[in-house]
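S.K.:
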Amino acid sequence: MAILRLVVRRLLSSLPLLFIVSAFTFVLVSLVPGDPARTIVGQHATEEQYENVRAQLGLDESLPVQYWNWLEGVVRGDLGASLFSGEPVTAMLNNRLPVSLSLIIAATVVSGIAGVALGVLSARRGGALVRTVDVLALLGLAVPAFWLALVLIAFFAVQFRWLPVTGYVPLGEDPVEWARSLVLPVVSMSLSAVAIIAKQTRDSVLDTMTKDFIRVMEANGFRDRSILYRHILRNAALPVVTVLGVVMVSLLAGTVFVETVFAMPGLGGVTQQATVQHDIPVIQGAVLYITVVVVVVNLLVDLAYGRLDPRVRA
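Its first residue numbered 1, the sequence shown is counted upward by one per residue in the UniProt record's numbering.
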């Protein structure tokens, strides 16, 4: 029941956040130079044709009225339609959401496993591994994901032809090709995340290893493996979970560049295109989807806290 109350409380508290983000996004988009109606009718259309298109798209209304009309549609489960293609925004984003989620979840899993393993090894053995983690952290923060993606494409896709250059294969269509299509994007997204998680894991494990209860267990003859997995990692996990949540949100932002480089039909690509075209319904819907993903990630972090630390549950 405590977990259920936590979930309900977090979801209810996220509603004002969704409203604020959507309103703020609507205002910012309206301030960006560009006129969808003029783009649709072209520069040589008459003023009457231009005004008719503005009226059809609802752009002749004031900004508060436009936002209120969009908000009413959201309450009914309707995010509107694209100003250019006429395709329903909900269907458009639902078709692209699995691509972005596949990238984010796969990159998070790879980053978490590799980062924690590297951090634990460097904390236990020290020496060259500590310097390796520090160098990897610097490289991960310095190397842009899109540049690394281009390098990976040049070597593993173009030169060696081991992996596909671009595109995305749905999981239900061919699981093997789905995994192959994710390898290069996930690796390019994960470098900086692995470095950050490894460094945080190493610091947390080293700090936990100096605690008095760990020294008492070592003095009483507890096995090193039992101490590491049952006590050190459990107590060191809280800051690592926090960093993992932040990394997952940052990976969501990184999908815009990675999806563009690899020509993957995800939320990042459609958001970028809608921004260039000033397609307000698509931008609003994409931002709403991304905000919901962030809320879910934060909720999962809270639940992980409660699982790892009984004091948090209390």
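Positions of the beta carbon are idealized from the N, C-alpha and C atoms, including for glycine.
Decide if the segment 253-263 is in contact with the segment 177-195; the criterion is three or more beta carbon pairs, one per stretch, under 8 Å apart.
M.R.: Taking 8 Å as the limit for Cβ pairs, the verdict is that the segment 177-195 does touch the segment 253-263.
S.K.: Thinking just about the alpha-carbon of each residue, which of V133, R307 and L206 is nearest to the one in V241?
M.R.: R307
S.K.: Whole angstroms is fine: what's the gap from R5's alpha carbon to L300's?
M.R.: 14 Å
S.K.: Counting only runs that start and end within the segment 65-150, where is the beta strand (DSSP E) found for 3 or more residues in a row?
M.R.: Qualifying beta strand (DSSP E) stretches: none in this window.
S.K.: Pull up the distance between the alpha-carbon of S82 and that of M248, whole angstroms please.
M.R.: If you take the alpha carbons of S82 and M248, they lie about 29 Å apart.
S.K.: Between P239 and the rest of its own chain, which residues show a CB-CB distance below 7 Å, the 5 nearest in sequence each way excluded?
M.R.: Q200 and S204
S.K.: What residue range is occupied by the uninterrupted alpha helix (DSSP H) comprising K199?
M.R.: P175 to M209
S.K.: Determine, using beta carbons only, whether T108 and L251 come nearer to each other than 8 Å.
M.R.: At the C-beta level, T108 and L251 come within 8 Å of one another.
S.K.: Answer yes if the segment 228-239 comes into contact with the segment 54-69, meaning at least three C-beta pairs across the two stretches below 8 Å, and no otherwise.
M.R.: Contact check between the segment 54-69 and the segment 228-239: fewer than three CB pairs, one atom from each, fall below 8 Å, which does not count as touching.
S.K.: When the distance is taken between beta carbons, is V133 closer than 8 Å to A198?
M.R.: yes
S.K.: Apart from the five residues on each side of it in sequence, which residues of its chain come closer than 6 Å, Cβ to Cβ, to L71?
M.R.: none
S.K.: Can you give me the start and stop residues for the alpha helix (DSSP H) that I227 sits inside?
M.R.: D224 to I227
S.K.: Check the C-beta distance from G80 over to G86 and give it rounded, since I have them as a contact under 8 Å.
M.R.: Not really, about 10 Å apart at Cβ, beyond 8 Å.
S.K.: Whose C-beta lies closer than 6 Å to the C-beta of M264 among residues of the same chain, with five residues either side of it excluded?
M.R.: Setting aside the 5 residues that flank it on each side, M264 is surrounded in the same chain by V99 and Y168, each with a C-beta closer than 6 Å to its C-beta; the list follows chain order.
S.K.: Does the segment 266-280 come close enough to the segment 17-24 to have 3 or more Cβ pairs within less than 8 Å?
M.R.: no
S.K.: On a CA-only basis, which of F146, A219, T208 and T275 is nearest N228? Give me that one, please.
M.R.: One detail in the question is off: residue 228 reads as Leu in this sequence, not Asn. For the residues F146, A219, T208 and T275, the minimum Cα distance to L228 belongs to T208.
S.K.: At the level of alpha carbons, what is the spacing between G269 and L12?
M.R.: 30 Å
S.K.: Which same chain residues, not among the five before or five after V41, have their C-beta less than 7 Å away from its C-beta?
M.R.: Q49, Y50 and V53
S.K.: For Q279, does the three-state DSSP call read helix, strand or coil?
M.R.: In the sequence as displayed, the identity of residue 279 is Asp instead of Gln. Note: D279 maps to coil in three-state DSSP.
S.K.: Once the 5 residues before and after V32 are set aside, which same chain residues still bring their CB inside 7 Å of it?
M.R.: So the list reads H278, once near-sequence residues are dropped.
S.K.: Check this for me: beta carbons of A149 and L184, under 8 Å apart or not?
M.R.: yes
S.K.: Which class does M264 belong to by DSSP, given the choice of helix, strand or coil?
M.R.: In the structure shown, M264 falls within a coil segment according to DSSP collapsed to helix, strand and coil.
S.K.: Where does A45 sit, in a helix, a strand or coil, going by DSSP?
M.R.: coil
S.K.: How many whole angstroms separate the CB atoms of A157 and V165, which I take to be in contact at a CB cut-off of 8 Å?
M.R.: Yes, they are in contact, since the Cβ atoms of A157 and V165 sit about 4 Å apart, within 8 Å.
S.K.: Rounded to whole angstroms, what's the CA-CA distance from V135 to L59? Just pull it up for me.
M.R.: 52 Å
S.K.: Under the rule that 16 or more other beta-carbon atoms within 10 Å means buried, what is Q159, buried or exposed?
M.R.: With fewer than 16 Cβ atoms within 10 Å of its Cβ, Q159 is classed as exposed.
S.K.: What did DSSP end up calling V256 once you bin it into helix, strand or coil?
M.R.: helix
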